[in-house]
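Asker:
In my numbering, the protein residues as written are 49 to 402.
1) Which value, in whole angstroms, describes the spacing of the CA atoms of residue 373 and residue 237?
2) Go ahead and pull the three-state DSSP assignment for residue 91.
3) Tell me where the alpha helix (DSSP H) around residue 399 begins and ends.
4) By how many angstroms is the C-alpha of residue 282 removed from the C-alpha of residue 84?
5) Going by C-alpha distance, which of 209, 262 and 391 is nearest residue 186?
6) Rounded to the nearest angstrom, what separates residue 141 and residue 120 at their Cα positions?
7) Which same chain residues, not among the five before or five after residue 132, have their C-beta less than 8 Å away from its C-beta?
8) Distance check for residue 129 and residue 220, CA to CA, integer angstroms please.
9) Thinking C-beta only, is residue 203 closer than 7 Å to residue 182?
10) Taking residue 256 as the reference, give the member of 113, 228, 286 and 245 with the closest Cα.
11) If we call anything under 7 Å between Cβ atoms a contact, is residue 342 one with residue 360?
12) Taking 7 Å as the cut-off, decide whether the C-beta atoms of residue 340 and residue 302 are in contact.
13) Please state whether DSSP places residue 196 in a helix, a strand or coil.
14) List the whole-angstrom C-beta distance separating residue 193 from residue 165, where the pair is believed to meet the contact cut-off of C-beta under 8 Å.
15) Identify, in the order they occur along the chain, each residue of the same chain with its Cβ nearer than 8 Å to the Cβ of residue 313, setting aside the five sequence neighbours on each side.
16) Name the residue from 76, 224 and 263 whose alpha carbon lies nearest to the alpha carbon of residue 310.
17) Am I right that residue 266 and residue 300 are in contact with their C-beta atoms under 8 Å? What's the rounded C-beta distance?
18) Would you mind working out which of 69, 261 and 101 sits nearest residue 390, comparing C-alpha positions?
19) May I have the straight-line CA-CA distance separating residue 92 from residue 58, to the nearest angstrom?
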């Protein structure tokens, strides 16, 4: 069996590492890896291949830096050429990026079966490009690997056949368990001990100056009593550099983007996580840390229902008050929301039996 795996962004590198490791252990299964180049910054791409011990991609498309439409269109064209040359049995896609959608559209037009890892997530906000990518991918895929009960129900509500849907758990939990002991402290935080970890990158926050200013002002207030470590995503750094003059509190330590193993160390050692990332919300939970999500909604509703995550809309929420209510909150280590760490094996077993 030949599988073509399509990745392009940081979270996908980590998810693909889990399944690729399983594939290497199975005879008779070959994997061809396509990297679209969606994350073109070396700190956001190359370092993950090195740290996660992922072999270099068979195809480097180097497509990135344009608009959603430009990138997706160019990716479809380039991926189609690879699919025609390689003739895979399956195309495997992850998550909800432009790379996910491009791989899906290229494959479905060639009648190549598609397997989607992390299917069924819904924010119900169609202003988010990721939401459209998820919807279209799920309705085109032949196998849908859902991480949670909620994801399964979302797919059922949309009329997708139960025969296509498999609840397998979350590959990111597999990755957290596997790499936990390999975590390393970033050089830029050597002298910092008690801290809050914050990440901001989502377009709805970085493209809206008012929302970003509200977030920075809230962080400034929190920083009066807490040290905050803020690894700055390239998108956020570009926007902040163009912002009107705004004072950043001295307790906010802005650092360069970190690799996955460094991020694991930060998650293990922080007291609380503030983020607008879907993936980091889950990783906070995996590391038993309370989380404040700087968004109007979340795909990971089970975290909110369990009381380990709280939404704080930059539009109108009192972010410092929400932070205060979550700070010091204990996360139950026996709370099982995302499987048992064997998701990668289940994914490959199901694909091999189709």
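From the three backbone atoms N, C-alpha and C, an ideal C-beta is built for every residue, glycine too.
Answerer: Let me spell this out:
1) A direct Cα-to-Cα measurement between residue 373 and residue 237 gives close to 26 Å.
2) The pLDDT assigned to residue 91 is 48, lower than 50, so where the model puts this residue is not dependable, and the model offers no usable value.
3) 391 to 400
4) 18 Å
5) 209
6) 14 Å
7) The answer, listed in chain order, is 158.
8) 30 Å
9) No, Cβ-Cβ distance for residue 182 and residue 203 is not below 7 Å.
10) 286
11) Yes; because the gap between Cβ atoms is below 7 Å, this pair is in contact.
12) no
13) coil
14) 5 Å
15) 231, 232, 233 and 234
16) Residue 310 has its Cα closest to that of 224, out of 76, 224 and 263.
17) No, residue 266 and residue 300 are not in contact; Cβ-Cβ is about 11 Å, not under 8 Å.
18) 69
19) Note that residue 92 scores a pLDDT of 47, beneath 50, so its modelled location is shaky; the value from the coordinates is reported in the next line. Going by the C-alpha atoms only, they are around 6 Å apart.
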